[in-house]
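Q:
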Ligand code: NCD
Ligand code: ZN
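Residue numbers (my numbering): 1 to 361.
1) Should residue 276 be labelled buried (16 or more other beta-carbon atoms within 10 Å of its own) or exposed?
2) Looking at residue 24 and the ligand ZN, is the gap between the Cβ and the nearest heavy atom below 7 angstroms?
3) Residues bridged to residue 262 by DSSP?
4) Given 7 angstroms as the limit, tell me if residue 204 has its C-beta closer than that to any heavy atom belonging to the ligand NCD.
5) Is residue 282 near residue 48, with beta carbons less than 8 angstroms apart?
6) With a 10 Å radius around its C-beta and 16 neighbouring C-beta atoms as the bar for buried, classify residue 361 as buried or exposed.
7) Between residue 16 and residue 307, how many whole angstroms is the CB-CB distance? I'm expecting something under 8 angstroms.
8) Just to confirm my understanding: we take residue 9, look at its own chain, exclude 5 residues before and 5 after, and list those with CB closer than 6 angstroms. What are they?
9) Taking the alpha carbon of residue 66 as the reference point, which residue from 205, 206, 87 and 209 has its own alpha carbon closest?
10) Ends of the beta strand (DSSP E) at residue 50?
11) Compute every distance between the C-beta of residue 232 and the non-hydrogen atoms of the ligand NCD, then say whether any falls below 7 angstroms.
12) Please determine whether the Cβ atom of residue 275 lies at a distance below 7 angstroms from any heavy atom of the ligand NCD.
13) With DSSP as the reference, label residue 88 as helix, strand or coil.
14) Who are residue 232's beta bridge partners in DSSP?
15) Does residue 161 have its Cβ less than 8 angstroms from a Cβ in chain C?
16) Do you know whose CA, among 322, 189 and 200, lies nearest residue 257's CA?
17) Identify which residue in 99, 82 and 161 has its Cα closest to the Cα of residue 89.
18) Using CA atoms only, rank isn't needed, just tell me which of 158, 145, 95 and 164 is closest to residue 132.
19) Compute the Euclidean distance between the alpha carbons of residue 230 and residue 346, then round it to the nearest angstrom.
20) Could you check where the alpha helix (DSSP H) with residue 102 kicks off and where it finishes?
21) If I measure Cβ to Cβ from residue 246 and keep anything under 7 angstroms in the same chain, skipping five residues before and after, which residues do I get?
22) To the nearest angstrom, report how far apart residue 354 and residue 64 are at their CA atoms.
23) What separation, rounded to the nearest whole angstrom, lies between the Cα atoms of residue 53 and residue 114?
24) Just to confirm before moving on: does the CB-CB distance between residue 356 and residue 287 stay below 8 angstroms?
25) From residue 11 to residue 304, what distance separates their C-alpha atoms?
26) Tell me where the beta strand (DSSP E) around residue 307 begins and ends.
27) Just mark residue 141 as buried or exposed, buried being the case when its beta carbon has 16 or more other beta carbons within 10 Å.
28) For residue 194, count the other beta carbons within 10 Å of its own beta carbon; 16 or more makes it buried, fewer makes it exposed. Which is it?
29) Does the separation of the CB atoms of residue 237 and residue 161 fall below 8 angstroms?
30) Look at the Cβ atom of residue 349, then the Cβ atom of residue 334, and state whether they are nearer than 8 angstroms.
31) So which of 311, 211, 341 and 228 has the shortest CA-CA distance to residue 254?
32) Have a look at residue 103 and residue 97 and give me their C-alpha separation to the nearest angstrom.
33) Identify the continuous alpha helix (DSSP H) that holds residue 41 and give its terminal residues.
34) Reducing DSSP to helix, strand and coil, say where residue 10 ends up.
Structure representation (structure tokens):
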């Protein structure tokens, strides 16, 4: 990573240029149809690869569906964009281990995603009891295929702010006990409990951290009124948890790495009596992480978090090119539109100190 201070001048005064090895996004929702056409390139312009979530309606449960979705993603990007969508299989109670293993062997599936049924957007066909997929997990452990986990229990008896911590104890720990060699990514962690879980787990267990959970705590949802655009799942927790995430992300521990969980929804579906969960952070993802790392005095650790730890954990090569961010004020729009699609992005209406300035190669 290079940080060139004061080596350029611009209309905004002295620029700092932050140059990083080309990063990847290890958890993103690109959607389908009009929303895909709107959203996909925001991810593809900043990231070389992304782990694409399979929670479409219907979900991606076969290699054929994943291959077709990958083609739709690539078709939605501008000519010449170099971007590799890494596809995931949506685990259901009935999923066939053979289909998963074949898709993995054929290079269609990179990983499997476990959604506890009912935990989040389009998770109705998810797993009702993790014991039902024991044979699949066994097979994945054998072939070295990663399990990506939405780590929340769904029981209405469990307070929504406790669902992640309870999941660690009642689901993830037993899975790891029976499959000690299974590679697991605990996605979009939101609690100090998860930070500690990862810190004390064996080396085959890692976590992704979103840009937004590093910046908002649960108060953001209630600031002067109900704020649906700060609502996502897992829901943001109290401030001390956000602080634990900030420490973990900037610690230099390779088992915490970047995954935006950028999850666009139509404005009217968020601003509703039963609003959808999800924050659309893709347009300024790297800028947002840079703000946090700078505030933590850890800009020199952003590159490893964004571009090295993820591919190493996944066993994939590091990217060769670079991207740059310039220290230049950037006004984030309050609303983004494209035809019938209207989305309120993360940081809407704010001025950010950094601006993505492109890929060098
Ligand atoms: C995601 C979505 O909208 O698909 N929503 C979210 O709040 N993160 C699903 C998910 O990752 O939980
Ligand atoms: Zn997600």
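Every residue, glycine too, gets a C-beta built ideally from N, C-alpha and C.
A: If we stick to the structure as given:
1) buried
2) no
3) For residue 262, DSSP records a beta bridge to 28 and 279.
4) no
5) no
6) exposed
7) About 19 angstroms; that fails the 8 angstroms criterion.
8) With a pLDDT of only 38 at residue 9, under the threshold of 50, the placement of this residue in the model should not be trusted; the figure read from the coordinates follows. In its own chain, leaving out the 5 sequence neighbours on each side, no residue places its CB closer than 6 angstroms to the CB of residue 9.
9) 87
10) 49-52
11) Yes, the ligand NCD has a heavy atom inside 7 angstroms of this Cβ.
12) no
13) Strand, per DSSP.
14) Answer by DSSP bridge pairing: none, since residue 232 is not bridged.
15) Here chain C cannot be found, since the structure has a single protein chain.
16) 189
17) For the residues 99, 82 and 161, the minimum Cα distance to residue 89 belongs to 99.
18) 95
19) Pairing residue 230 with residue 346, the inter-Cα distance amounts to about 8 angstroms.
20) 97-105
21) 214, 292 and 296
22) 40 angstroms
23) 10 angstroms
24) yes
25) With a pLDDT of only 36 at residue 11, under 50, the local geometry of the prediction cannot be trusted, and no value is derived from it.
26) Here residue 307 belongs to no beta strand (DSSP E), and DSSP marks it neither H nor E.
27) buried
28) buried
29) yes
30) yes
31) The shortest Cα separation from residue 254 among 311, 211, 341 and 228 belongs to 311.
32) 10 angstroms
33) 33-46
34) Only weak support exists for where residue 10 lies, its pLDDT of 38 falling under 50; the value from the coordinates is given anyway. In the structure shown, residue 10 sits in a strand (DSSP, three-state: E or B).
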